[in-house]
């Protein structure tokens with residue numbers, strides 16, 4: 001599975017929709033510092 005860079009909005013939307021748990025969201029947001 002290839003990981004593609006997502007915008008903060010996309011990550012947040014996935015979290016709100018329940019597609020991601022908080023650990024994954026934090027990891028994804030780590031890309032922006």
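Numbering (full-length UniProt numbering), first residue to last: 1 to 33.
Note that beta-carbon positions come from the ideal geometry of N, C-alpha and C, so glycine has one too.
- According to the DSSP assignment, residue 28 belongs to the alpha helix (DSSP H) that extends over 22–29.
- The Cβ atoms of residue 5 and residue 14 lie no closer than 7 Å to each other.
- In this chain, residue 4 is not harboured by any alpha helix (DSSP H), its DSSP state being neither H nor E.
- Shown here, residue 13 sits in a helix according to DSSP, grouped into three states.
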